[in-house]
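Undergrad:
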Amino acid sequence: MLRNLISGLGLLLASAGAVAAQQEVAVEVLALGDGLEAIVADPAGLLLQGDGQISLIAPGPEVRVLAEARLSPEAFTWTLSGGGAAPVIEMETADGELAVAMAAPGTRPASARARSGPSLFRGRPSAAAQHEVRIRDHAGHRYRVSPVLDGLRVRIDDADESLHLPAACASEQSLGWGLGYEMSARLVVPWFAFAETDGRDGLEILYRDGPLFRVQALGAGGAVGANRAWGRAPAAESTEVVRFDQRVPPLLRDFDGDGLDDLVHLDPGGGYVFVYRGRGRGLAETEAREPDQIFNVGGHALWRSLADVDGDGRLDLIVLSMSKMNVVAQVNVMRAGSLPVRLFCRRQKENGDFEASTLWNASLELPFELAITRNLRRVRFRSPLLVIGQVEGRARLLATRRGRCALLEQDGNDWREIVPVPELLLEDGHWSDPFDAPRGDFDGDGRTEVLLLGREVEGTRDRLLRVELP
2 MLRNLISGLG LLLASAGAVA AQQEVAVEVL ALGDGLEAIV ADPAGLLLQG DGQISLIAPG
62 PEVRVLAEAR LSPEAFTWTL SGGGAAPVIE METADGELAV AMAAPGTRPA SARARSGPSL
122 FRGRPSAAAQ HEVRIRDHAG HRYRVSPVLD GLRVRIDDAD ESLHLPAACA SEQSLGWGLG
182 YEMSARLVVP WFAFAETDGR DGLEILYRDG PLFRVQALGA GGAVGANRAW GRAPAAESTE
242 VVRFDQRVPP LLRDFDGDGL DDLVHLDPGG GYVFVYRGRG RGLAETEARE PDQIFNVGGH
302 ALWRSLADVD GDGRLDLIVL SMSKMNVVAQ VNVMRAGSLP VRLFCRRQKE NGDFEASTLW
362 NASLELPFEL AITRNLRRVR FRSPLLVIGQ VEGRARLLAT RRGRCALLEQ DGNDWREIVP
422 VPELLLEDGH WSDPFDAPRG DFDGDGRTEV LLLGREVEGT RDRLLRVELP
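Shown next as structure tokens:
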């Protein structure tokens, strides 16, 4: 059982004794196990997935398991619904939906229920079930969204009738690329998220339908509102025979502070970053505005994030990119086991736009391993790359540079090492979420902490680490 793997509290793995106390980095083991798969931050607490089980944990000064539930071996995705003393894990399987109540350790769950119905998923899952937010409680009603073969299905409460949102679900054949991604045909599931786009009462679903982002309004009391175009998602034309296409989900957040959700969308292969501001968008039912801003990174766009890195209280745009490579360069990178990347920061201006020029950039490395199976090639990164924030206007990163993993601080046009953290550079393994690991002040001591889940090779133990930063 996963609760038996929660151990190691108080074990200090690393600290920087040669520097002042305020510059120490402490690395602490929160959990050990052979099948830890994911750690998810949720308003109810932290959800740890492993060994076919979900545990709700409170990682304070004393780690506690609040509740747990078993995942179905047929589950493709799962999400947490409800709250309080008996949260519920809702799973999507090939036969429909399955719900299991979480229970305190050592007790039996209070209830379980299932609902059959058409599903996008078929066969058996090829990997561990993934966490997706598919359920939202609003104004006394519960909304459930599920991908189906021709779009999205929205159900309100437990009604038999549902709302169907047509959206493109296509089969795509990937030809491959030297540093890896899926090498076989796959279904492309429409992206969607619960959003706030018009400032009115009610709930909305923002989703991707081919080249468009669309909004479906769900009014107060469970009423179905209008469906309207929200934004156009341009796709770069490419003449490459083999095109790099790492899928990065859009980033939805009110980054300009006007109360409406904004969106950052990447075209990884084309190297484009599209920025959509929420205000005034999506008022027409048939027309869709182009992105408010478009940036090109001059290579491949790998990831995106938002953080205040200059101390002005506004969120700045962070983009991770890599240069395009010919076959010889790809082979050399694979031999070295380290991918050269650049991290760019564009400052947010007072009007909410991002500056066209970069505030700073950093040349870094991403040590990686190449996972190869019968039908899959995928890069898995052996060290994290996290934008921590800023101290006195100087940005801080947790990253690998010149072969050393360390906490770095901006020093003019360069970066200086504050303190090394060698334990975060895995020799034989990878981090499950190297860019967006959960962070916060989990033990209440006023210092930022990052939770990292390390997946080791067969025969060793996976581990969940808490990294406390100065």
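Mapped onto my numbering, the consecutive letters of the sequence shown carry residue numbers 2 to 471.
Note that beta-carbon positions come from the ideal geometry of N, C-alpha and C, so glycine has one too.
Need the endpoints of the alpha helix (DSSP H) that M335 sits in, please.
TA: Note, M335: alpha helix (DSSP H), 328-337.
Undergrad: For E428, count neighbouring Cβ atoms within 10 angstroms of its own Cβ and tell me buried if that reaches 16, exposed if not.
TA: Its Cβ having fewer than 16 others within 10 Å, E428 is exposed.
Undergrad: Looking at L408: is its Cβ nearer than 8 angstroms to the Cβ of L470?
TA: It is a contact, given that the beta carbons lie within the stated cut-off.
Undergrad: Using 8 angstroms as the threshold, is the C-beta distance between R440 and V451 below it?
TA: For R440 and V451, yes; Cβs fall inside 8 angstroms.
Undergrad: Count the other C-beta atoms from every protein chain shown that fall within 10 angstroms of the C-beta of R375, then say buried if there are 16 or more, exposed otherwise.
TA: Reliability of the predicted coordinates at R375 is poor, the pLDDT of 48 falling under 50, and the value obtained from them is presented with this limitation in mind. It counts as exposed.
Undergrad: Taking the C-alpha atoms as reference points, what is the distance between G258 and E197?
TA: In a straight line, the C-alpha of G258 is about 12 angstroms away from that of E197.
Undergrad: Whose C-alpha, out of P62, R229, G270, is nearest the C-alpha of G447?
TA: Considering only alpha carbons, the answer is P62.
Undergrad: In angstroms, rounded to a whole number, what distance separates the CA positions of A45 and S82?
TA: Looking at the two C-alpha atoms, the distance is approximately 10 angstroms.
Undergrad: Would you call the stretch 393-409 and the stretch 305-320 in contact, with 3 or more CB pairs under 8 angstroms?
TA: Contact between the stretch 393-409 and the stretch 305-320 is present, because at least three Cβ pairs lie under 8 angstroms.
Undergrad: Excluding five sequence neighbours on each side, which residues of the same chain lie with their C-beta closer than 7 angstroms to the C-beta of P385?
TA: Cβ neighbours of P385 beyond the five flanking positions: L399, L425, W432, P435, A438, L453.
Undergrad: Should the stretch 99-114 be regarded as contacting the stretch 132-145, the criterion being three or more beta carbon pairs within less than 8 angstroms?
TA: No, the stretch 99-114 does not touch the stretch 132-145.
Undergrad: Out of G455, T78, A160, state which residue places its alpha-carbon closest to the alpha-carbon of R383.
TA: With distances taken between Cα atoms, R383 lies closest to G455.
Undergrad: Pull up the DSSP beta-bridge partners for F214, would you.
TA: Paired residues: R209, G232.
Undergrad: Just to confirm, is the Cβ distance from G51 to L37 under 8 angstroms?
TA: Yes, the Cβ-Cβ distance between G51 and L37 is below 8 angstroms.
Undergrad: Over what stretch of residues does the beta strand (DSSP E) that includes C170 continue unbroken?
TA: Careful: C170 lies outside any beta strand (DSSP E) and carries neither H nor E.
Undergrad: Grouping DSSP H, G and I as helix and E and B as strand, with all else coil, what is L150?
TA: If DSSP states are grouped into helix, strand and coil, L150 belongs with coil.
Undergrad: Any contact between the stretch 289-300 and the stretch 343-362? By contact I mean 3 or more CB pairs, one from each, below 8 angstroms.
TA: The answer is yes - the stretch 343-362 touches the stretch 289-300, with three or more Cβ pairs under 8 angstroms.
Undergrad: Assuming contact is defined by CB atoms lying nearer than 8 angstroms, are P235 and R209 in contact in what I supplied?
TA: Taking 8 angstroms as the Cβ cut-off, P235 and R209 do not qualify as a contacting pair.
Undergrad: Compare the beta carbon distance of N297 and G270 with 8 angstroms and say whether it is the shorter of the two.
TA: No, Cβ-Cβ distance for N297 and G270 is not below 8 angstroms.
Undergrad: Identify the residues that DSSP records as bridge partners of T108: which are they?
TA: None, per the DSSP bridge assignment.
Undergrad: Just list the residues that DSSP pairs F195 with in beta bridges.
TA: Beta-bridge pairing links F195 to I206.
Undergrad: Quick check on this structure: which residue in D412, N414, C406 has the alpha carbon closest to the alpha carbon of V420?
TA: Considering only alpha carbons, the answer is C406.
Undergrad: Ignoring anything shorter than 3 residues, give me the beta strand (DSSP E) runs that lie fully in the stretch 394-470, in order along the chain.
TA: 395-402, 405-412, 415-421, 430-432, 450-457, 463-469, all fully within the stretch 394-470.
Undergrad: Is R383 helix, strand or coil when you go by DSSP?
TA: R383: coil per DSSP, three-state reduction.
Undergrad: If you measure between the beta carbons of L49 and A32, is that distance less than 8 angstroms?
TA: Yes, they are a contact pair.
Undergrad: Give me the DSSP bridge partner(s) of F345.
TA: F345 pairs with V320, N362.
Undergrad: Candidates A160, V216, L57: which alpha carbon is nearest A105's?
TA: Measuring from the Cα of A105, the nearest candidate turns out to be L57.
Undergrad: Candidates L213, V265, E418: which alpha carbon is nearest E25's?
TA: The shortest C-alpha separation from E25 is found at E418.
Undergrad: For E69, write down the residues that DSSP places opposite it in a beta bridge.
TA: In DSSP, E69 forms a bridge with S56, A104.
Undergrad: When you compare each of A302, R403, L153 to P423 by their alpha carbons, which one comes out closest?
TA: With distances taken between Cα atoms, P423 lies closest to R403.
Undergrad: Which of helix, strand or coil does DSSP assign to L261?
TA: Residue state, collapsed to three classes: coil.
Undergrad: What does a CB cutoff of less than 7 angstroms around L164 pick up in its chain, not counting 5 residues either side in sequence?
TA: Correct list, in chain order: V155, V225.
Undergrad: Out of curiosity, what's the CA-to-CA distance linking F77 and D415?
TA: Cα to Cα, F77 sits roughly 44 angstroms from D415.
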